[in-house]
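All letters in the sequence shown, in the order written, are residues 5 to 124 by this note's numbering.
Cβ atoms here follow ideal geometry from the backbone N, Cα and C, with glycine treated the same way.
One structure is given below, encoded as structure tokens.
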Amino acid sequence: MDVDYVHEMAYVALIHDNGHLREVGISRYATSADGQQCECAVTVAYDWRRRGLTLLLMRHLIGVARKHGVTGMFTIEDPANDGIRELAGHLGFQCAVEPCDSQLVRYTLNLKPVKGGFVP
5 MDVDYVHEMA YVALIHDNGH LREVGISRYA TSADGQQCEC AVTVAYDWRR
55 RGLTLLLMRH LIGVARKHGV TGMFTIEDPA NDGIRELAGH LGFQCAVEPC
105 DSQLVRYTLN LKPVKGGFVP
């Protein structure tokens, strides 16, 4: 994966498994042309779910997006994806029907700073 670390960012979680490095999670974003919004994604190996890794990867991604001046983050998902719905809610993403496809939902997180910090 080619990443320029401003318009695109990725975090990869690796473990040592029987003498080999194994990728167990990845989070990434790519910004819009104006750099204000970014689409994000996260995936974690089945045997590493429910251990906090997904949350950790997303928190790092959100932090670096804010540092680079991104004002909003979103992901478009199947509404039946319970895991992403739970994660999005925990991180403060708002959910709405995707305007381009009513069979999908868009989770959006405001990254703009507010008085006293950031929007949760």
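As far as DSSP is concerned, Pro103 takes part in no beta bridge. The three-state secondary structure of Ala84, taken from DSSP, is coil. With a 10 Å radius around the Cβ and a threshold of 16 neighbouring Cβ atoms, Ser36 comes out exposed. Taking 8 angstroms as the cut-off, the beta carbon of Ala100 is found closer than this to the beta carbon of Arg110. For Gly96, the three-state secondary structure derived from DSSP is coil. Burial check for Cys44: the Cβ neighbour count within 10 Å reaches 16 or more, so the residue is buried. Under the three-state reduction of DSSP, Arg63 is assigned to helix. With respect to the C-alpha of Thr79, the residue from Ala14, His11, Gln107, Glu102 having the closest C-alpha is Glu102. Here Ala49 has Val28 as same chain residues with Cβ atoms under 6 angstroms from its own Cβ, once five neighbours each way along the sequence are excluded.
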